[in-house]
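Residue numbers (this note's numbering): 10 to 214. For every residue, glycine included, the Cβ atom is placed at its ideal position computed from N, Cα and C. None of the values given here were measured: they were computed from a predicted structure.
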Amino acid sequence: MTAPPQTYHQRVAGEKRAAIIAAAASLFLERGYAETSLARIAEVAAVSTATLFKQFPTKAELFAAMVVEYWQLSGADLQAPAIGDPAAGLQILGNRYVELMSRDEMVALFRIVIAEAPRFPDLAEAQFTLGKAPFFNSVKGYLGDEHAAGNLDCGDPELAATQFLGMISNFAFWPRLLLMDWHPTNEDLHRTVAEATRAIIARYG
10 MTAPPQTYHQ RVAGEKRAAI IAAAASLFLE RGYAETSLAR IAEVAAVSTA TLFKQFPTKA
70 ELFAAMVVEY WQLSGADLQA PAIGDPAAGL QILGNRYVEL MSRDEMVALF RIVIAEAPRF
130 PDLAEAQFTL GKAPFFNSVK GYLGDEHAAG NLDCGDPELA ATQFLGMISN FAFWPRLLLM
190 DWHPTNEDLH RTVAEATRAI IARYG
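Structure representation (structure tokens):
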């Protein structure tokens, strides 16, 4: 039984979009943002330039779409953790952060931004405002809610969120930018989240 036409077209469009974004990331890393044309991206993605321009009229819009996609969490339940058990809530948020920062695509995204930010500061702005900031704000908001409920003594949730995510990324992510063989196990990553959670609870509990 064939899929309904709309579903089929949506699937094909999604596949082409994914191919375009993957091709763009590869070329931005290899040749640089400035030296990569949309026409070359279309060629590598095996789509027509008309298809590419229909989805991404400019290179900046394509990069913004990359950021949003790479920071997109998977899974069905992505609601904020329930208020009342800060240790459990931080564990959930920490594991989501590890999922994001462990992706090969995230490493590529940061390398592109670091390399191109001096010439194209808008790339760094997009990475922050479309990618990192929404997740950071979700953690800050959760800590603030636990403080308001009396479950944490955390008058500066922005500082606490910075501390929590920093402890995780310092092991799970940043070494990967420099060390090609840095591949911590899932056990190591879960232990890092657990220890970061204990540290926040010890400080603000």
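Taking C-alpha atoms, which residue in the options lies nearest to residue i?
| i | options | result |
| --- | --- | --- |
| Phe-173 | Leu-99, Ala-43, Leu-38 and Pro-66 | Leu-99 |
| Ala-55 | Arg-26, Asn-104 and Phe-180 | Arg-26 |
| Ala-203 | Ala-28, Phe-180, Val-77 and Arg-185 | Phe-180 |
| Lys-149 | Gln-136, Asp-165, Glu-134 and Gly-159 | Asp-165 |
| Arg-200 | Met-176, Gln-64, Asp-113 and His-18 | Met-176 |
| Met-110 | Arg-128, His-192, Ile-209 and Ala-74 | His-192 |
| Ile-30 | Glu-108, Leu-198, Gly-214 and Ala-74 | Ala-74 |
Would you check if the distance between the CB atom of residue i and the CB atom of residue j is smaller than 9 Å?
| i | j | result |
| --- | --- | --- |
| Leu-161 | Leu-152 | yes |
| Tyr-215 | Gly-140 | This structure leaves residue 215 out entirely; the chain is present only between 10 and 214. |
| Gly-93 | Thr-206 | no |
| Ala-89 | Ser-147 | yes |
| Tyr-106 | Phe-144 | yes |
Keeping to the same chain, check which residues put their C-beta closer than 8 Å to that of residue i; ignore five residues upstream and five downstream.
| i | result |
| --- | --- |
| Arg-120 | Leu-38 and Leu-186 |
| Asp-131 | Ala-69 |
| Thr-16 | none |
With a threshold of 7 Å on Cβ separation, who are the neighbours of residue i within its own chain once the five nearest residues in sequence on each side are excluded?
| i | result |
| --- | --- |
| Ala-117 | Ala-34 and Leu-38 |
| Thr-171 | none |
With a cut-off of 9 Å, does the C-beta of residue i fall near any C-beta of chain C?
| i | result |
| --- | --- |
| Ser-111 | Here there is only one protein chain, and chain C is not present. |
Excluding sequence positions up to five away, which residues of its chain have a Cβ less than 6 Å from the Cβ of residue i?
| i | result |
| --- | --- |
| Gln-19 | none |
| Phe-65 | Leu-71 |
| said: Extract the residue ranges of the alpha helix (DSSP H) inside the stretch 133 to 196, only unbroken runs of 4 or more that lie entirely within it. | reply: Secondary structure in the stretch 133 to 196: the alpha helix (DSSP H) runs of 4 residues or longer, each lying completely within the stretch, are 142 to 157, 166 to 181 and 183 to 187 in chain order.
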